[in-house]
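Listed in order, the protein sequences are those of chains A and B.
FYI, the numbering for the first sequence is 1 to 539, going by the working numbering.
FYI, the numbering for the second sequence is 540 to 1018, going by the working numbering.
A virtual CB, placed ideally from N, CA and C, is assigned to each residue, including glycine.
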Amino acid sequence: MTSKSPNKGVKQTKSSTTTTTNYDHYFRYLNLAVLCTALKLLLIPTYTSTDFEVHRNWLAITSSLPVSKWYIEATSIWTLDYPPFFAWFEYTLSLFARLFDEKMLVVSNLNYISERTLIFQRLSVIITDLLFYISSYLLSQSLFSSNNNTNNNSNNNNQQESTSFYKDSKFIVFAILICNPGLLMVDHIHFQYNGFLKGIMLLSIYFMSTNRPLLGGLVFAILLNFKHIYMYLAPAYFTYLLLYYCIARGINFMKFIGLGVTVLVVFSVSLGPFIYYGQIPQLLSRLFPFGRGLTHAYWAPNFWAFYNFVDRVAIMVKSKYFGIDMSAEAGMLTSGLVDSDTQAHVILPAITPLITLLITIISLLPSLYGIIKSNKLRVFILGVTQCCFSFFMFGWHVHEKAIIMVTIPLGLLALDSIELARIYFVLSTIGHYSLFPLLFQSTEIPIRIAILLTYTLALYLALQSKLDNNDQSKRFSLTRLELLYVIGIIPLEIFNIFIHPVYLAARLPFLSLMLTSIYCSVGVLYCYIQIMIQIFKTK
Amino acid sequence: MSVPEDLKYHSPIFNKRGETLVWLLLISLSVLIRYAISIHPYSGHAKPPMFGDYEAQRHWMEITTKLPTSEWYFNTTNNDLQYWGLDYPPLTAYSSWLFGKIGEKVEPESMALYTSRGYESKSSKLFMRSTVIVSDLLIWLPAVLFFVQTFYKEQSLLKRSIAFIFISMQPSLLLIDHGHFQYNGISLGFALFGITFILRNQQLLASLFFVLSLNYKQMSLYYSPAFFFYLLFTNLSFSNIFKSILNIAKIGIVVITTFIICWIPFLSLEQASQVLFRLFPVARGLFEDKVANFWCVASTVINFKTKFSPEQLLKLCTLTTLAAISIIVYPLIKKCWSANLKSNWKVVMYRSQQLMFIYSLIISAFAFFLFSFQVHEKTILLPLLPVSLLVLESGYITIILMLVSHYLFEFIEPPVHLPALFHLLVASISFGYFCLTVLGPARCLSKKCVPKNARCSSPPTKPRCRPDYNLVTFISDPN
Chain A
1 MTSKSPNKGV
11 KQTKSSTTTT
21 TNYDHYFRYL
31 NLAVLCTALK
41 LLLIPTYTST
51 DFEVHRNWLA
61 ITSSLPVSKW
71 YIEATSIWTL
81 DYPPFFAWFE
91 YTLSLFARLF
101 DEKMLVVSNL
111 NYISERTLIF
121 QRLSVIITDL
131 LFYISSYLLS
141 QSLFSSNNNT
151 NNNSNNNNQQ
161 ESTSFYKDSK
171 FIVFAILICN
181 PGLLMVDHIH
191 FQYNGFLKGI
201 MLLSIYFMST
211 NRPLLGGLVF
221 AILLNFKHIY
231 MYLAPAYFTY
241 LLLYYCIARG
251 INFMKFIGLG
261 VTVLVVFSVS
271 LGPFIYYGQI
281 PQLLSRLFPF
291 GRGLTHAYWA
301 PNFWAFYNFV
311 DRVAIMVKSK
321 YFGIDMSAEA
331 GMLTSGLVDS
341 DTQAHVILPA
351 ITPLITLLIT
361 IISLLPSLYG
371 IIKSNKLRVF
381 ILGVTQCCFS
391 FFMFGWHVHE
401 KAIIMVTIPL
411 GLLALDSIEL
421 ARIYFVLSTI
431 GHYSLFPLLF
441 QSTEIPIRIA
451 ILLTYTLALY
461 LALQSKLDNN
471 DQSKRFSLTR
481 LELLYVIGII
491 PLEIFNIFIH
501 PVYLAARLPF
511 LSLMLTSIYC
521 SVGVLYCYIQ
531 IMIQIFKTK
Chain B
540 MSVPEDLKYH
550 SPIFNKRGET
560 LVWLLLISLS
570 VLIRYAISIH
580 PYSGHAKPPM
590 FGDYEAQRHW
600 MEITTKLPTS
610 EWYFNTTNND
620 LQYWGLDYPP
630 LTAYSSWLFG
640 KIGEKVEPES
650 MALYTSRGYE
660 SKSSKLFMRS
670 TVIVSDLLIW
680 LPAVLFFVQT
690 FYKEQSLLKR
700 SIAFIFISMQ
710 PSLLLIDHGH
720 FQYNGISLGF
730 ALFGITFILR
740 NQQLLASLFF
750 VLSLNYKQMS
760 LYYSPAFFFY
770 LLFTNLSFSN
780 IFKSILNIAK
790 IGIVVITTFI
800 ICWIPFLSLE
810 QASQVLFRLF
820 PVARGLFEDK
830 VANFWCVAST
840 VINFKTKFSP
850 EQLLKLCTLT
860 TLAAISIIVY
870 PLIKKCWSAN
880 LKSNWKVVMY
890 RSQQLMFIYS
900 LIISAFAFFL
910 FSFQVHEKTI
920 LLPLLPVSLL
930 VLESGYITII
940 LMLVSHYLFE
950 FIEPPVHLPA
960 LFHLLVASIS
970 FGYFCLTVLG
980 PARCLSKKCV
990 PKNARCSSPP
1000 TKPRCRPDYN
1010 LVTFISDPN
């Protein structure tokens, strides 16, 4: 915020200006981080989902049982189904949990919740989020550093950038990351540790961005052993590392072996004890529980939501106009949706896991093509986003929370160009809106609206002020249709809160979920196609 | 005419639409924070038999919707004044009635006579909490926005938004209204509207809003000396006696009419005296528990409560308060009359005159807070409001006072459930607030407090334009 002094030539003034700038610079980031933390602290007494009990149970398992029993123990239905590093993470937490309330560490204490347990668990999420802050900071700095400039906007004066926070690309990207409304809702209300895991993910991307691919690969391997859902990113990582680390300028076997050994060491540290106990099949059956349905009870806004929807509509049309009796299916239909596990398609062909895998692999090809074509960091991040996005769109039993895995890497590129800014704006609004059904209790309804509204307004202003341009056509603005679509969530939300529970909930209890899902999938599919176009456009 | 540097810099991005969006963003942020605070327990949660201020407000809704107005302030078979009897002026009763009518629709059992005492449910809490947030949205936030757009209109949008956050999100107000449960935002909002209209030199509107504030909570009396003297001196001129009498009479008519309209159901002597008796209970003692005022400090040396009778104490308090208030009289006279002379009855408001008005508000509110009889610790909000208004003028003093006001948190008793959580709540509100305003941007603001005035001809290298020559507002009076 220091203005350029007119007598810039004088050495003393110059140095004092730069020190204040630095001071302000750190303050800015610290302020935002503390502000976010304060908001998270305020959210402590909000509703917690069953995931709260899941993690409490894992704390109890890891603290009171030997390692050999971790993946066998099944007193609670919420068995340990994350990879070993996460179990060790829970073990570390349990050391501190002891100081708060010993009773939460008893395996048989099902659904135990006390004030101290609540505070401890909430605080553990908030404190481990520090890693997310740190890696967001590092990454936001490295993305816009002078030798690694991905910014297309040459119009912006770099000198001016640091003077005020709404012109500072680094700060805006940092803010976009750490204020992510999805993380706020899923981690700090619903209860999970995504922020911490996203921190590891960003750290890995940070190492890639600063040209330390081996370290990036190492951190990524560690991340995989925290939560295996990050396999979504693996194709992009694998291709990038293979092409630009191992066989850049001719095949380099030493690098190849080095990378292989690194990954192998991480996996053997993680899985070693369980290989020793001979529990690998047991562990794998926990990590990959087949037998779940194609979609969740609440359809994640992806391709299969459309597929299901078309199937439902077809049933309705068939029974109504062709007089074919479908009483069994009609039962499903009138409820608007069916239970996830028993769900089957009636008219359209049934989908098996193999089919989803094939479609996903085919849909991955554009991102891999992009990475093969260019070794730019921008393309790598875009590829990672597209990779996650493909799994989200076509994967088997995808959870709606997985959208955060797309919005976080895409957020890194939000200031990259007008097009990506637009895509990010639409996706962040719609994608995070699709998380609303997670927070369904009356107390949380105003919170979810306020969080998303605040973030969306701030994002719009930030994008507008940053991507400001004298040329009208190059300014950030949504097309009419996009704007209409984004604003359309307001009547939808009004319908979901006021009209549906009063008038329609008795006859069609899942109607609002279905509408939300279908409405959001339109936008998500649009963004998916747009990102694909962006990849093909890159030179 | 040259455009100020700040505006030039902002113009392409923050055009009119962008500015509206900024205000919308700030309002939605303040709703988010208010709502996040309000999910915590309120005062007296699950604490029979008397519960707390939350129960008092709910009880008033029950009384006002179920009983005729003639019984509201009286101890009758249906209205036990010992159990949270109504002790605020009529506007509070009316707003309780309004909220109570809505509450009846939402959850009838929460407003039932007798049976609803100590009624606590998740949905009724949600309803009660949202009434506070809605009244903030309707009165308090618009008042702050109006003030900022009037008093700081020469400042850049960034600075104005910081001022907005600083004033509207004072931790003490947030905690008392949304944590503890009260409706101070309404009365302070009305008072702030009054203050802003004074700053715009629209005195009739100003007196109207100030009377509304008085009729919502009698504690707004703390501001009355400042309003009274200011309105008196700006209109008094010996060179034009006829016009001064006319102006003062106009203000008097507005004040009296507003009062009468507010008090229509209570205009009989019996009713009015009973309401007044309820509003000013002098029997409660010199000060409550531990208030950071003069009497509390002095009591460590002299035990006033045993040495003097309550009557004597009352007189002592009145005298000291009057003495403390009298400080403002002379500077106000000087400023207002000199302004009158300079402007020669053209309605011009000088920056220094505006500042003087705010200073006199501070002095008179502090005089009451420090010296008057039977002060409640929550009334620190009254001196804090005008202090916070000066954030872009004299940042450091404002910030220090805001810090000091945190003593208040000591006095909000933590609820029975989740006491540890309560302290986290307090800590996070103050940390968040200081990050938003004090530590960061405001730190830079307080260095350059004078607005870059387009008409100010002095070169920018000069540290400070003399405020007297900073013509700020040119708004004509309706008279």
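Classification of residue i by the beta-carbon crowding that lies within 10 angstroms, buried from 16 upward
i                     : result
residue 159 (chain A) : Below a pLDDT of 50, predicted positions are generally treated as unreliable, and residue 159 (chain A), at 40, falls in that range; the measurement from the model is reported next regardless. Exposed, since its Cβ has fewer than 16 Cβ neighbours within 10 Å.
residue 538 (chain A) : exposed
residue 208 (chain A) : buried
residue 839 (chain B) : exposed
residue 559 (chain B) : exposed
residue 180 (chain A) : buried
residue 895 (chain B) : buried
residue 13 (chain A)  : Interpretation of residue 13 (chain A) is limited by its pLDDT of 39, a score under 50 that renders its predicted location unreliable; the figure taken from the coordinates is listed afterwards. Answer is exposed; the Cβ neighbour count stays below 16.
residue 939 (chain B) : exposed
residue 634 (chain B) : buried
residue 580 (chain B) : buried
Any chain A beta carbon closer than 8 angstroms to residue i
i                     : result
residue 794 (chain B) : no
residue 662 (chain B) : yes
residue 872 (chain B) : no
residue 674 (chain B) : no
residue 696 (chain B) : no
residue 559 (chain B) : no
residue 970 (chain B) : yes
residue 967 (chain B) : yes
residue 711 (chain B) : no
Best match in the options for proximity to residue i [C-alpha to C-alpha]
i                     : options                       : result
residue 304 (chain A) : A:395, A:480, A:447 and A:417 : A:395
residue 48 (chain A)  : A:125, A:109 and A:534        : A:125
residue 757 (chain B) : B:626, B:939, B:613 and B:931 : B:626
residue 820 (chain B) : B:584, B:615 and B:624        : B:624
residue 187 (chain A) : A:466, A:142 and A:401        : A:401
residue 40 (chain A)  : A:195, A:287 and A:111        : A:195
residue 921 (chain B) : B:621, B:932, B:844 and B:897 : B:897
Proximity test, Cβ basis, 8 angstroms: residue i and chain B
i                     : result
residue 46 (chain A)  : yes
residue 276 (chain A) : no
residue 460 (chain A) : yes
residue 477 (chain A) : no
residue 181 (chain A) : no
residue 161 (chain A) : For residue 161 (chain A), the predicted model reports a pLDDT of 41, less than 50, meaning its position is unreliable and no value from the coordinates is stated.
residue 39 (chain A)  : yes
residue 192 (chain A) : no
residue 446 (chain A) : yes
residue 113 (chain A) : no
residue 428 (chain A) : no
residue 504 (chain A) : no
residue 49 (chain A)  : no
Endpoints, the alpha helix (DSSP H) within which residue i is located
i                     : result
residue 599 (chain B) : 592-605
residue 754 (chain B) : 742-755
residue 422 (chain A) : 418-433
residue 493 (chain A) : 489-494
residue 573 (chain B) : 555-577
residue 465 (chain A) : 444-466
residue 199 (chain A) : 194-209
residue 316 (chain A) : 303-321
Residues that DSSP places opposite residue i in a beta bridge
i                     : result
residue 528 (chain A) : Looking at the DSSP assignment, residue 528 (chain A) forms no beta bridge with any residue, so it has no partner.
residue 547 (chain A) : A question about residue 547 (chain A) goes unanswered here, because the residues of chain A that appear run from 1 up to 539.
residue 398 (chain A) : A:295
The ligand ADP heavy atom lying under 7 angstroms from the CB of residue i
i                     : result
residue 652 (chain B) : Absence of the ligand ADP is noted for the structure shown, with no ligands found whatsoever.
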